[in-house]
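So the sequence lines, in the order shown, correspond to chains A and B.
Position in the first sequence (from 1) plus 7 gives the number in the numbering used here.
Here the numbering used here is used: position 101 in the second sequence is 96, and no number is missing along the way.
Note that CB positions come from ideal geometry on N, CA and C, so glycine has one too.
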Amino acid sequence: EDQVTQSPEALRLQEGESSSLNCSYTVSGLRGLFWYRQDPGKGPEFLFTLYSAGEEKEKERLKATLTKKESFLHITAPKPEDSATYLCAVEVYGNTGNQFYFGTGTSLTVIP
Amino acid sequence: KAGVTQTPRYLIKTRGQQVTLSCSPISGHRSVSWYQQTPGQGLQFLFEYFSETQRNKGNFPGRFSGRQFSNSRSEMNVSTLELGDSALYLCASRSQNYGYTFGSGTRLTVV
């Protein structure tokens, strides 16, 4: 069964304290892995797409990496405005069309 | 460039009624997907439309249906509403080889 698991569920960091969020997946036929940021009351905002193991993408204080079993979202020197829920999703090839599975997210709070 | 627009933003319906939600994708995007988001289940894929055809479907009962028009706008319909259908319904559009761009969602409350 295709599955996406994010950890931790919640993370509290002091401003400037770097850390990593994890997304592990068990799927057959991965087409791509996506990271999103979601603020309360809003739709998810696209951050990165990763397609193959070893790939890395960076944007400001965020860096996403991908292996064959998991992805990490590294946050360097976070600021309070980085507080949000970070969602991971995978796109999987299917016989009747591709399927998308989301993790339940990591709620990040950055304390000034 | 306008984003994905969902209407209405908020909706309150009574159990047993039906509801139609609307989504206008980013101009030029032909793929539109719908998701249900609840605190307990997170984001769950409902269905995806491409060029007016349903291309993928998630694991939801037949009460949930959708369609896409020739201008790529999409509607989602839920019939015989249940209390458990209360959720944030998100629409997203995408271009090839790019992640989804989501709308702000429609908050549906069933009472």
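Check                                                                                                                     : Outcome
Close Cβ partners of P87 of chain A (< 8 Å) along its chain, the five nearest in sequence each way excluded               : E22, V117, I118, P119
Under 7 Å from the C-beta of G94 of chain B: neighbouring residues of chain A                                             : F41, F53, T56
With 16 other Cβ atoms within 10 Å as the buried cut-off, status of A71 of chain A                                        : buried
Coil, strand or helix - G79 of chain B by DSSP                                                                            : helix
Of the listed residues A:Y93, A:D9, A:F79, A:L115, nearest to G50 of chain A (C-alpha basis)                              : A:Y93
Status (buried if at least 16 other CB within 10 Å, exposed otherwise) for I82 of chain A                                 : buried
Option nearest V99 of chain A by Cα separation, candidates A:S27, A:F109, A:V34                                           : A:V34
Separation of F53 of chain A from G94 of chain B, as counted between CA atoms                                             : 6 Å
Check whether S19 of chain B and T0 of chain B have beta carbons under 8 Å apart                                          : yes
Spatially closest choice to Y5 of chain B from B:A(-3), B:G11, B:G(-2), B:T15, by CA coordinates                          : B:T15
At least three beta-carbon pairs within less than 8 Å, the stretch 76 to 84 of chain B to the stretch 24 to 42 of chain A : no
Pick from A:A60, A:D89, A:N105 that is closest to K66 of chain A, judged by C-alpha positions                             : A:D89
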